[in-house]
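2 protein chains.
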Amino acid sequence: MIQDSLTTGTSYGRVCSMSELEQPDIDVPALTALLDGKYADIREMTRKNLSEYAHVLDDAIEMPSAEFRERVLELVKAMARTGATGLGFPPEYGGGGDIGASVAGFETMAFGDLSILVKVGVQFGLFGGAILQLGSKNHHDAYIADLVTGDLMGCFAMTETGHGSNVQALGTEAVYEPETREFVITTPDRRSRKDYIGNAAAHASMAVVFAQLRIGGRSEGVHAFVVPIRDEEGHALEGVTIEDDGEKIGLNGVDNGRLSFDHVRVPRSNMLNRYAEVTEDGRYLSEIENVDRRFFTMLGTLIQGRVCVGGAGISASKVALAVAVKYANKRRQFGAPDSDVEELLLDYGMHQRRLLPLLAKTYALHFAQEMLVHELHNVLSTTEAPDRQRRALESRAAGTKALGTWHASRTIQECREACGGAGYLMSNRLGALRADTDVFTTFEGDNHILLQLVAKGLLTDYSSSFGDLDQLGMVRFVANLAVETVVERTSAHKLLERIRDVLPGGNDDKWDQEAGLLDPEYQLAMFRWREEHILSGVARRLKRGMDNGMDTVQVFSQVQDHVIAAGRAHVERLVLEAFVEKNAAMVDSDNKVALNMLCDLFALSTIEADRAFWMEHGRLSSARSKAISREVSSLCRRLRPLAEDLVDAFGIPAEMLKAEMLDDPGAA
Amino acid sequence: MIQDSLTTGTSYGRVCSMSELEQPDIDVPALTALLDGKYADIREMTRKNLSEYAHVLDDAIEMPSAEFRERVLELVKAMARTGATGLGFPPEYGGGGDIGASVAGFETMAFGDLSILVKVGVQFGLFGGAILQLGSKNHHDAYIADLVTGDLMGCFAMTETGHGSNVQALGTEAVYEPETREFVITTPDRRSRKDYIGNAAAHASMAVVFAQLRIGGRSEGVHAFVVPIRDEEGHALEGVTIEDDGEKIGLNGVDNGRLSFDHVRVPRSNMLNRYAEVTEDGRYLSEIENVDRRFFTMLGTLIQGRVCVGGAGISASKVALAVAVKYANKRRQFGAPDSDVEELLLDYGMHQRRLLPLLAKTYALHFAQEMLVHELHNVLSTTEAPDRQRRALESRAAGTKALGTWHASRTIQECREACGGAGYLMSNRLGALRADTDVFTTFEGDNHILLQLVAKGLLTDYSSSFGDLDQLGMVRFVANLAVETVVERTSAHKLLERIRDVLPGGNDDKWDQEAGLLDPEYQLAMFRWREEHILSGVARRLKRGMDNGMDTVQVFSQVQDHVIAAGRAHVERLVLEAFVEKNAAMVDSDNKVALNMLCDLFALSTIEADRAFWMEHGRLSSARSKAISREVSSLCRRLRPLAEDLVDAFGIPAEMLKAEMLDDPGAA
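The listed protein sequences derive, respectively, from chains A and B. This note's numbering puts the first residue of the first sequence at 650, with every later residue one more than the last. This note's numbering puts the first residue of the second sequence at 650, with every later residue one more than the last.
1. State the CB to CB distance for the pair residue 834/A and residue 927/A, rounded to an integer number of angstroms; the pair is presumed to be in contact (CB under 8 Å).
2. Against residue 1348/B, what residues of chain A qualify as contacts under a CB-to-CB distance less than 9 Å, listed in chain order?
3. If you compare alpha carbons, which of 702/B, 830/B, 757/B and 692/B is closest to residue 930/B?
4. If you check the beta carbons only, do residue 905/A and residue 860/A fall under 8 Å apart?
5. Hey, would you say the C-beta of residue 683/A is under 7 Å away from at least one heavy atom of the ligand ADP?
6. Quick one: what's got a C-beta closer than 6 Å to residue 1076/B's C-beta in the same chain, skipping five residues either side?
7. Cβ closer than 8 Å: which chain B residues qualify as neighbours of residue 1318/A?
8. Starting from residue 1026/B and walking both ways along the beta strand (DSSP E), at which residues does that stretch end?
9. So, under 8 Å CB-CB, residue 1184/A and residue 1215/A are touching, yes? Tell me the CB distance rounded to an integer number of Å.
10. Could you tell me the distance, in whole angstroms, from the CA atom of residue 1206/A to the CA atom of residue 1120/A?
11. How is residue 727/A classed by DSSP in three states: helix, strand or coil?
12. Tell me whether residue 866/B is buried or exposed, calling it buried when 16 or more other Cβ atoms sit within 10 Å of its Cβ.
13. Given this structure, state the Cα-to-Cα distance separating residue 881/A from residue 856/A, to the nearest angstrom.
14. Suppose the cutoff is 7 Å on Cβ atoms and the five residues either side in sequence are ignored; what does the same chain contact list for residue 718/B look like?
15. If you measure between the beta carbons of residue 1094/B and residue 1220/B, is that distance less than 8 Å?
16. Quick check on residue 1086/A: does DSSP put it in helix, strand or coil?
17. Does the beta carbon of residue 1275/A sit closer than 8 Å to a beta carbon anywhere in chain B?
18. Where does the unbroken beta strand (DSSP E) through residue 821/A begin, and where does it stop?
19. Is the beta carbon of residue 1226/A closer than 8 Å to that of residue 1173/A?
20. Give a yes or no on whether 8 Å exceeds the smallest Cβ distance from residue 705/A to chain B.
21. Measure the C-alpha to C-alpha separation of residue 924/B and residue 943/B and round it to an integer number of angstroms.
22. So is residue 895/B in contact with chain A if we call contact Cβ pairs under 8 Å?
23. So, for residue 1211/A: in the same chain, excluding its five sequence neighbours on each side, which residues have a beta-carbon less than 7 Å away from its beta-carbon?
24. Measuring only between beta-carbons, confirm whether residue 1107/A sits less than 8 Å from chain B.
25. Do you know offhand how far residue 803/B's Cα is from residue 974/B's?
26. Less than 8 Å between the beta carbons of residue 783/A and residue 792/A, yes or no?
27. Quick one, which of 697/B, 1277/B, 819/B and 1268/B has its alpha-carbon nearest residue 1250/B's?
28. Please report the straight-line C-alpha distance between residue 1084/A and residue 1259/B, rounded to a whole angstrom.
29. Which runs of the alpha helix (DSSP H) spanning at least 4 residues fall entirely within the stretch 943-974 of chain B, listed in chain order?
30. When the Cα of residue 810/B is compared with those of 1042/B, 788/B and 838/B, which residue comes out closest?
31. Got a sec? Which residues, its chain only, sit under 6 Å from residue 749/B by beta carbon, not counting five neighbours each side?
32. Can you look up residue 1171/B in the DSSP assignment and give me helix, strand or coil?
33. Taking the continuous beta strand (DSSP E) assigned at residue 935/A, which residues delimit it?
34. Just the chain A side, please: which residues come within less than 9 Å of residue 1321/B by C-beta, in chain order?
35. Would you decide whether residue 916/B is buried or exposed? Buried here means 16 or more other CB atoms lie within 10 Å of its CB.
36. Along the chain, where does the alpha helix (DSSP H) containing residue 768/A start, and where does it finish?
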């Protein structure tokens, strides 16, 4: 237990030096309750579902893919019957009417088999979400009740073999014929066939197809159409060609496939017309005049998928860490020459350094994700949130998805290696986690592209007039302003005021000490300064490139790594802020002390990883940089005895850990 | 073409600034010949074998594991009949008598299916290698001719469920009974069952079992015994229990399993007795008196496996890069707003930054591996190489294996992500490469443990009296010397003399320029300085810890990350030296210019990744650090037009790329 008096004068009420403290004693159920938050009941219900269907984890390994796909379909429908998968739909169609709850359920479901999760995401998030968000009442009436029960299975046909991130360049065409009042859907070439489409290879009877709308030879940009693809016996309809994408690295319970259309006709009413429609006589109407803006407004409605994937990545990281920490707390290796007992893996400094910063970052991302879901719920639950707020939300969703899914890949891989040969066996969980989550970094928006989106929002301050520009438009826009103007327009600039007093130059003697490393004001100032500096550097580089007569493509290519670094720095700052704020709001307790230690470890290990940046810019002295590395090691040692409690607090059902190696005396 | 006159005064004859040069024009066949080196004919023969059996790449995905295991067995035997797998065995037993050739063949085979590769490694490298290296003539006569043809299949039973890297702590026992003149082999508990043993679950009829030898109640340490495990019908022999490890992340064509022994009796002659034997009446005899030294001498003979695995990792990286570079040179995404043509992925700066430093490192590792194989061949082909030379070779093999296999994991993963959804489909090569190579980082010695081994060798300067100490023994040894003594004893110390004149302090004005960044003397001095500094820091920390009264376990735990960093810095220096020396020996040509660019990119991107270290130690100014990052980007841009030639030069048979996405117009 710790003394109550250990607070300092910082505005977050955080202790500044804890080296002489006693170790906190974690209250695991209380920490689980804190992590579960507002939707604890939904999470608890989902945990029970997972435990009930735990055998699917073995099915995933034992069944051939064709059989496993059917098993997954069956379980998705079983989940649908419990109401767990329809939480985000309006109650009048059998849904739960609570977007936040639906994301919380999805995140928890990600402790289990991820084919089920992704199939749920495709059916209810992407297909159902497109009908709900892009369609109008007649579409809702026609489809939503059936898709919520799983009676109507559908797919979301956006990506094409040759067109992924650049959705505006899709090749599939939908030509309006006023004579028949139909759209004619066509795949003009192989690079324009729809590809990687979940639910397409076996189960969907309907697709939401994204295609270039053409009326009388004029192009109106990408729009979405409801297109039946299979009859009741499951055969492809006339003009529709369905191919199977076959085996994948993971997620083999999901039937990904390719769709091609050869003059497939659908009635005029099959266009999802919330934002634009075509009259019977072929006039195009939309309340949003600018074509780019209309397109991005449509895409923006699909934000929930990204929030869900990011959350799923964080959940998968929790499962991997639970397995690896528990294993490292049982498995012994080498030892003192005069002792018969070998040391536990987790007592080795390197093993702590490999796992515990990842654990700290998992906690940090958890709280950032919680804040994101809260904002998502608020924005999507009102009829009309301001444009700027929507764009800021899109940016946060994109950034959190990128960081959360990269974190998952890295964490699961490190956990696999930290478990050696045992980690390589599919009878344990890590192999499936690794294979199934791998695509998270590149689907629902490639992570690099998403971080570019974040940076673009920052450079244009989410202003509606520029937010819709693509990357090259952004280059021209920035280049046409004075650098000072760009920097002043950016969100990051507003941070500067908050930094100046807290973060002196790196050569200031006062900062050559270890003092203040554990002060969240200092940590935040470091994160904010980096963000602002990279961002204004991007603006300067873009401008210089254009001034030197390079074309936009060249300029963007050369500045691209800085653009992505700016996006990443921004999102990392948001993550740290979320964690610090969460901790500041807690009442004093041992759990608070432990979370503060995790927050410090997240902040300092993040600074350590990028410490060259601050040194290069005179904001970190050599001595202080080394002190940060020492502090990271010290925090790892202090967190080591808490590690197993900290993974237990995730509340992962025991069946989901399925790690034979944890029960095996071989590990003891 | 480039001018001939572009050389400088450095001892390596390298150009120092190439910014104004014309681009070189790569002669692909000549570069392939350079890479293939001495064993070009063996590599060419293996390429033909791979092409002939190319269908196995599809079998790996389409067949259930049980069936695929049989297919792999069949192909391994087919390869054996060509003589390709027996190159390392003496001619009198049907082998090729050329160790270097056998490694070259193995490396080339790693372009193909990796289950075949690993099964070959188990049968001919581990099982066959143990008989050859640890056995004496009667064992050779009895087994080698049959195992070279594949008529006798065997396994290498060292690792146990609870004992991996710490081989000295194995639990399996072999008790000598003078009455019957037999050894009695027993598995005392579940943590001591042999685990992850390749060939054990289905095909091996014989095992080389590593066990604690006990005679009359006295323990003599770990020794190897030939133990029959299956009868001619494939049933487990009496007292032998065989379990199947089941599905793994990859390598599912290899039948990994678990072996337990319940008082299994083998005759006295079944002990592999090159280094020690037991007389009929139960006396223990060995020419090597020190028990640790005897043990490490036995392990040292198994070095060839590590050399092969490291080489295989480098080959797998080549395949992944060939796929990703070719894809990025076909697939387009986004483009100038006023153009209908989108840009090629490889024209994006970030994409270049993701792939080309990995390509440069692959070349660097290739030449380091070539040098390692050369030394391996020399040491193993003589009857008695000096102890110190053997230890230095073991260290180089351990370090190259660690770097080569980590590089493979990272490279393949980056390539997968760089190919987006296409990279996730098993119809392309990346998924299988990723899954199959994943265990390379932790088998044949966990990479972290291997780098510790490297550092231990450096700290004790491979002296035979201390080389056999384990990590904790190393701690005590170092702590008992004055720090200066340790530093002087280290190999790295000898580097210092070569550094002083080349590498001034970071604040020297002369070095605040970009001058000399492309000078290999500068690059080498940087690598050498880092190695020496980390190593002496380790010595200092070990000593301080012990002086402060901490126990060896604590001290080692706290210094472990520095120990591993020291090992890594050492191996990276060896890799750079190998690349620089290779280039220096080339006659002037465009290929030489291209290789120099790759070498610069390897050196500078390695420095960039760890630039914080040199800045913290006053050996790199902020300005110069930023100049290095700019130079890395610039080298990427200059190498971009050469990228496809550079991967073509690897000479990977087209069938092995098997990347549907490369032929698909969807990517064009």
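The beta-carbon is built from N, C-alpha and C at its ideal position, and this holds for glycine as well. The structure presented is a predicted model; accordingly, all values stated were derived computationally and were not measured.
A quick look at the data gives this:
1. Actually they do not touch by this definition, with Cβ atoms about 14 Å apart.
2. Nothing about residue 1348/B can be read from this structure; chain B reaches only from 650 to 1317.
3. 830/B
4. no
5. Ligands are entirely absent from the displayed structure, and the ligand ADP is therefore not among its contents.
6. 1309
7. Past the edges of chain A, shown from 650 to 1317, lies residue 1318/A, and the structure says nothing about it.
8. Taken as a continuous stretch (DSSP letters only), residue 1026/B belongs to no beta strand (DSSP E), being part of the alpha helix (DSSP H) at 998-1030.
9. 5 Å
10. 10 Å
11. helix
12. exposed
13. 14 Å
14. 851, 902 and 904
15. no
16. helix
17. yes
18. From DSSP, residue 821/A is part of no beta strand (DSSP E); its letter is neither H nor E.
19. yes
20. no
21. 7 Å
22. yes
23. 1183, 1186, 1187 and 1190
24. no
25. 40 Å
26. no
27. 1277/B
28. 30 Å
29. none
30. 838/B
31. 1022 and 1026
32. helix
33. 933-935
34. Here chain B has residues from 650 to 1317 only, and residue 1321/B is not among them.
35. exposed
36. 763-769
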